[in-house]
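> According to the numbering used here, the sequence shown is numbered sequentially starting from -17.
All C-beta atoms in this analysis are idealised placements derived from N, C-alpha and C, irrespective of residue type, glycine included.
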Amino acid sequence: MKELLQNVYKRRSVRHYSDEKLTEEELAKVEEYLHNLKPLIPELKVEFQIVPCSETNCKFNAEYCLLVYSEEGNLWLTNVGYMLEQWDLYLASLNIGVCWFGMGKVEEERQCDLVYAIMLSFGKCDPSVFRNGDYDFSRDEADSFWSGMSDDRLGAIVRLAPSAVNSQPWRVDQVDNKFNVYRQRGGVPILSNRLFKRWNKVDMGIFLCYLDIALESEGYTYSRVLGTESDEGKRVLVATYTVDVKH
Ligand SMILES: Cc1cc2nc3c(=O)[nH]c(=O)nc-3n(C[C@H](O)[C@H](O)[C@H](O)COP(=O)(O)O)c2cc1C
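1) Could you compute how far the alpha carbon of Ala146 sits from the alpha carbon of Leu190?
2) Report yes if the CB atom of Thr222 is closer than 9 Å to the CB atom of Val163, and no otherwise.
3) Hey, Arg141 and Pro151: beta-carbon distance below 9 Å or not?
4) Any heavy atom of ligand 1 inside 8 Å of the beta-carbon of Asp195?
5) Got a sec, what are the start and stop residues for the beta strand (DSSP E) Asp226 sits in?
6) Note the first and the last residue of the continuous beta strand (DSSP E) segment covering Ile32.
7) Confirm, please, whether the CB-CB distance from Phe104 to Leu48 is below 9 Å.
8) Say the cut is 8 Å; is the CB of Ala124 nearer than that to a heavy atom of ligand 1?
9) Considering only the alpha carbon of each residue, which of Lys183, Leu57, Val111 and Val88 lies closest to Cys81?
10) Would you identify the three-state DSSP class for Arg176, choosing helix, strand or coil?
11) Give the secondary structure of Val154 by DSSP, where H, G and I count as helix, E and B as strand, and everything else as coil.
12) Beta-carbon within less than 8 Å of Val157's beta-carbon, same chain only, minus the 5 sequence neighbours each way: which residues are those?
What follows is the structure in structure tokens.
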């Protein structure tokens, strides 16, 4: 995961694409990487379909959309966020633009035992749209969502994680080497509760992906116990990390 760190400072949501098409070689790399994604929950089956963006309800002028289908189960949307954020970051390294598209709809919500989760648009774009460092982000400061933080370097990386409408629903409570990661419920009122609930679960997977990149890049080892996708209470425990310095 740590090889993705440099792309954390580069990626952004790309909503304007160029007319240039992906080469066959680029498309092959994009597809191949889908098979290399590290799952959060290996037991959950996840499948992908690449379709022309014009065949979806995605309003961007991207060449393609990636449709993500998953088996349902505890934290399935979080697993999807964790996996596809790796892909989002990888595509930035190829100068291919991506945007998560939560408003996406498909005609067939089910494919055998799998359920539609989300789509992401992607295609060629002007490489100058990418970021170039950690200064061009509109994000909360790490100490506003992470209590007891003992290593600012971790906060400086994870605060850059993208989320639906930039809602940043994550909270971290650290006590010594235990990090409890929560999803804060009841965020942005402008969106229908149903959609928002769903996206924030994806957001949490994106956050865990960034946390793993940060821990690995800064030389920590860790183990993780996952929590639940419950819709009860103001804060839902998504994962507990036990973190150690690598020897
Ligand atoms: C789960 C999820 C769903 C999103 N859905 C949409 C969407 O429907 N339309 C859109 O324009 N952007 C969408 N975004 C992009 C976010 O608005 C964007 O990531 C956030 O504002 C941070 O900006 P950045 O990605 O450029 O860093 C989505 C992002 C996530 C993580």
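Checking against the coordinates, here is how it stands:
1) Counted from its first residue, the sequence shown places residue 146 at position 164. Counted from its first residue, the sequence shown places residue 190 at position 208. C-alpha separation (whole angstroms): 15 Å.
2) Locating residue 222 in the sequence shown gives position 240, where the first residue counts as 1. Locating residue 163 in the sequence shown gives position 181, where the first residue counts as 1. Yes. Within cutoff.
3) Along the sequence shown, one-based indexing puts residue 141 at 159. Along the sequence shown, one-based indexing puts residue 151 at 169. Against a cut-off of 9 Å, the Cβ pair of Pro151 and Arg141 comes out as no contact.
4) Indexing the sequence shown from 1 puts residue 195 at position 213. Sequence check: residue 195 is Ile here, not Asp. Not so, every heavy atom of ligand 1 lies at least 8 Å from the Cβ.
5) Residue 226 sits at position 244 when you count from the first residue of the sequence shown. Annotation: the continuous beta strand (DSSP E) that includes Asp226 extends over Arg217 to Val227.
6) Reading the sequence shown from its first residue, position 50 is the one you call residue 32. Note, Ile32: beta strand (DSSP E), Val28 to Pro34.
7) Counting from 1 along the sequence shown, the entry for residue 48 is found at position 66. Counting from 1 along the sequence shown, the entry for residue 104 is found at position 122. Between Leu48 and Phe104, the C-beta gap is smaller than 9 Å, which places the two residues in contact.
8) Here the question's residue 124 lines up with position 142 in the sequence shown. At a cut-off of 8 Å, the beta-carbon of Ala124 does not count as near ligand 1: no heavy atom of the ligand is closer than that.
9) On the sequence shown, position 99 is the one that residue 81 refers to. Check the Cα spacing between Cys81 and each of Lys183, Leu57, Val111 and Val88: the tightest is with Val111.
10) By 1-based counting over the sequence shown, the position of residue 176 is 194. Three-state result, Arg176: helix.
11) As a working note, residue 154 is residue 172 in the sequence shown. When DSSP states are grouped into helix, strand and coil, Val154 belongs to the strand group.
12) Along the sequence shown, read from residue 1 onward, the residue named residue 157 stands at position 175. For Val157, where only same-chain residues beyond five positions count, the Cβ hits under 8 Å are Gly130.
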